[in-house]
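Below is one structure; the comments refer to it alone.
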Amino acid sequence: MKLVNTTVVYVLWLREMKRFLRAKSRIIGSLAMPLFFLAFLGMGFNRMAVPGLSGNVNYIQFLVPGILGMSLLFSSTFGGLSVLWDREFGFLKEIMVAPVNRVSIVLGRIAGGMTTALIQGLMILGISVILGFKVRSLPALALALAAMLLITITFLGLGLIFASVMKDMQGFSIVMNFVIFPIFFLSGALYPMENLPKAIRVLSYADPLTYGIDGLRGVLLGVSSRSPAVDIAIMASFSIAMVLVAAYAFEKSECA
Amino acid sequence: MDAIRVENLTKRFNDFTAVDHISFSVPGGELFGLLGPNGAGKTTTINMLSTLLKPTSGRGEVAGFEVLKDKDAVRRSIGVVFQEPALDTKLTGRENLDFHSMMYGLGKEERHRRIEDVLSLVDLQDKADVLVEKYSGGMKRRLEIARGLIHWPKVLFLDEPTLGLDAQTRRHIWDYIKKLNIEKKVTIILTTHYMEEADYLCGRVAIIDHGKIVALDSPHKLKDVLGGDVVSMEIEGNAAPLLEQLKSMGWVKSLSLREDVLRMTMEKGERRIPELIQEAQKAGVSVSCVNLRKPSLEDVFLHFTGRTIRDEDGQNGRRRMMPGHGR
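The following block contains the structure:
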């Protein structure tokens, strides 16, 4: 049998699109948090001198890639965890009993989650531009899109891994509080990592989002801790690893 | 050829044995029932045969393919309607069917044709483009049965197909199931804890209790085991001497006393009632009510397990709620 069944990937993607477009409140809800962060943190801290920012970048400029990364982190992880909802509402059985290989199912999930997360990310970027965020050039935008893509794949994979290991929604808040928020705060989305104690900074090197956000800053602002090429290479490795582990975990999970 | 062959199939969850060395086979075209109380192991059996659960030991064969070794071939040959709805309620009925047929690799034209076919089979053409969250319980069930048929399965598993439905809808579902089995020649394996359902629908029934098959035959023959009619008498007074007396009479085939109701089986019960009342009077027991009926599968279950299926339901707490609202 073929390793990847494109029809299966397509039909899972199509389902996600239909659900996404029908849930208007979900789209608005998912945009609200990042925009509030952007507006209030941006306004609140704009006048303050944040140590570690290079001269020509103000806090809002610094914050936009961080909030973009945050939005992708949350929407992608939720996208992966949405398998738990399917389990809860029975639909997962319909998928699992079909004669299709599990790799295709994982890829279909990722294709769907990726599209919705990217749409949300682009909406946030668009609103930021309206609010005065400057994108350097069109190629920079294309590179930013690549970085966004890698972030979503990585965290969709992470969400799928948790969804395969967990049997129900019970563990959801644990994952939120002990995995997603630490990933967010360790990533340097809100402040330059250089301001954190060294011991914590070491932890941030294990956080995929660190490279994602640094990469986004690199291409969008021209300011980053590493070369954007390095960031993107590291993100690519993370995303491949996550997808492989997710496919393995999903294959092993029993759904009955 | 046998559609299903099961040998010593066993499933253990930690130290709990849900299915305990069951064996049976189902010839092609049969409507076969697994009857038992909640928690007897019916759903676990279905889940193993539909490749969703890995058996602890034993083997199962569906449409000639082994459930452990040839998962995809088994999956292609079966349709499953799960106990709890497995529909995407945010999609329409037609979209749910479309999703299914694409997952099963049907071509575009065949897909459209099949979807129309199965929709008309369950009379859902009018509601095909309505979101499933607006469907009633019975409509969801019909849609699921339709979906289970799209890809021409050789075997259709129906796990408690009428659970939670009202009496009238249940009748309708029964008619659809019968029609399917007769017109489309699909082998159907059905689980239920409703006696009437098994009796009305199934060619053969396996009575399953605590993970074991305690009896397997046609409903008719299972009832024959009891030997004739069921006579129950409501009595007052010390029943012990009466019981002794009745046990010594050759024509009382079986006898049990529960909460002042004496239940016996015998042939030609209607002719024996006067004699029974006489015996009771002789033993100083007063009879307040007598009832005679043909045996039901309920009596068969009682005969083989010593309990009624309703006792079991009580023990297992209230039935699981059906999810399917929201999302």
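Top to bottom, those sequences are chains A and B. Note that this note's numbering numbers the first sequence so that position 83 is 83, with each residue one more than the last. Heads up, this note's numbering is the position in the second sequence plus 1000, with the first residue counted as 1. In this text, a Cβ means the ideal position worked out from N, Cα and C, and glycines have one as well. Small disclaimer: the values here were computed from a predicted structure and weren't measured.
Cross-chain neighbours of residue i in chain B, by beta carbon under 7 Å
| i | result |
| --- | --- |
| T7/A | M1102 and G1105 |
| V11/A | F1099, M1102 and M1103 |
Chain-ordered neighbours of residue i on chain A, where CB pairs are closer than 8 Å
| i | result |
| --- | --- |
| P1161/B | Those within 8 Å of P1161/B in chain A number zero; the least Cβ separation is about 14 Å. |
| K1090/B | K18, R19, R22 and A23 |
| E1133/B | Neighbours of E1133/B on chain A: none; closest Cβ ~10 Å, over 8 Å. |
Residue i in three-state terms, based on DSSP
| i | result |
| --- | --- |
| H1172/B | helix |
| V1230/B | strand |
| P192/A | coil |
| K1268/B | coil |
| S239/A | helix |
| T1092/B | strand |
| N1291/B | strand |
| I200/A | helix |
| G1164/B | coil |
| K985/B | There is no way to answer for residue 985/B, as the model of chain B reaches only from 1001 to 1327. |
| N177/A | helix |
| V1155/B | strand |
| E1116/B | helix |
| I161/A | helix |
| G1060/B | strand |
| E1236/B | strand |
| E1084/B | coil |
| H1193/B | coil |
| R1327/B | Only weak support exists for where R1327/B lies, its pLDDT of 32 falling under 50; the coordinates are left without a value. |
| E94/A | helix |
| A1283/B | coil |
| E1259/B | coil |
| A264/A | Nothing can be reported for residue 264/A, as the shown portion of chain A is limited to 1 through 256. |
| A1206/B | strand |
| R136/A | coil |
Among the options, nearest to residue i - alpha-carbon criterion
| i | options | result |
| --- | --- | --- |
| S1023/B | I1213/B, Q1281/B and K1054/B | I1213/B |
| E1279/B | V1300/B, V1252/B, P1295/B and E1109/B | V1252/B |
| G1039/B | K1054/B, F1016/B, E1030/B and T1051/B | F1016/B |
| G155/A | G218/A, S25/A, F133/A and F181/A | Note that residue 155/A is Phe in the sequence shown, not Gly. It is F181/A. |
| R1111/B | G1033/B, G1211/B, R1147/B and I1208/B | R1147/B |
| A218/A | P139/A, M166/A and R102/A | Correcting the residue type first, residue 218/A is Gly in the shown sequence and not Ala. Considering only alpha carbons, the answer is P139/A. |
| L1201/B | H1210/B, H1220/B and F1082/B | H1220/B |
| L203/A | F184/A, L221/A, F250/A and L216/A | F184/A |
| V1155/B | K1185/B, G1138/B and A1128/B | K1185/B |
| G132/A | L38/A, R102/A and R109/A | L38/A |
| G1028/B | A1018/B, T1056/B and G1064/B | G1064/B |
| L1257/B | I1207/B, M1195/B, E1236/B and G1269/B | E1236/B |
| G1138/B | P1085/B, E1116/B and S1254/B | P1085/B |
Inter-residue Cα distance where the pair is residue i and residue j
| i | j | result |
| --- | --- | --- |
| P65/A | W1174/B | 59 Å |
| L1124/B | K1071/B | 32 Å |
| M1322/B | P34/A | For M1322/B, the predicted structure reports a pLDDT of 36, less than 50, and the residue's modelled location is therefore unreliable. The matter cannot be settled from this model. |
| V1026/B | E1007/B | 12 Å |
| S1077/B | E1030/B | 16 Å |
| I1273/B | L1297/B | 23 Å |
| L1131/B | D1088/B | 9 Å |
| G1314/B | L1163/B | With a pLDDT of 45 at G1314/B, under the threshold of 50, the modelled position of that residue is not reliable, and no figure is offered here. |
| R22/A | K1090/B | 8 Å |
| F1032/B | I1189/B | 5 Å |
| K1011/B | S253/A | 17 Å |
| L1222/B | T116/A | 57 Å |
| D1129/B | E1160/B | 26 Å |
| L1068/B | V1074/B | 9 Å |
| L1034/B | A163/A | 33 Å |
| V1261/B | S1232/B | 6 Å |
| E1133/B | N1291/B | 46 Å |
| A199/A | P192/A | 15 Å |
Nearest-angstrom beta carbon gap, residue j and residue i [assumed within contact, 8 Å]
| i | j | result |
| --- | --- | --- |
| S187/A | L209/A | 4 Å |
| S71/A | Q120/A | 6 Å |
| R1170/B | D1229/B | Actually they do not touch by this definition, with Cβ atoms about 27 Å apart. |
| D1300/B | L1216/B | For the record, residue 1300/B in the displayed sequence is Val; it is not Asp. Contact doesn't hold; Cβ gap of about 11 Å is too wide. |
| L1049/B | G1036/B | That belief does not hold up - the Cβ atoms of L1049/B and G1036/B are roughly 16 Å apart, past 8 Å. |
| N1096/B | L1053/B | With a Cβ gap of about 24 Å, N1096/B and L1053/B do not count as contacting. |
| R226/A | D214/A | 6 Å |
Amino acids of chain A, ordered along the chain, whose beta-carbon sits closer than 9 Å to that of residue i
| i | result |
| --- | --- |
| T1051/B | M96 and V97 |
| P1085/B | F89, G90 and F91 |
| E1061/B | By Cβ distance, chain A contributes nothing, its closest Cβ being about 17 Å from E1061/B, past 9 Å. |
7 Å Cβ cut-off: residues of chain A touching residue i
| i | result |
| --- | --- |
| I1082/B | It is Phe, not Ile, that sits at residue 1082/B in the sequence shown. Going along chain A in sequence order, the residues near F1082/B (Cβ under 7 Å) are G90 and K93. |
Chain B residues whose Cβ lies nearer than 9 Å to that of residue i
| i | result |
| --- | --- |
| V100/A | D1072, R1075, M1103, Y1104 and G1105 |
| R26/A | Per Cβ cutoff of 9 Å: no residues; R26/A is ~10 Å from chain B at best. |
Neighbouring residues, chain B, relative to residue i (Cβ below 8 Å)
| i | result |
| --- | --- |
| E254/A | L1052, L1053 and K1054 |
Residue-level contact to chain E via CB, residue i, 9 Å cutoff
| i | result |
| --- | --- |
| I1078/B | Checking the listed chains, one finds no chain E in this structure; the protein chains it contains are A and B. |
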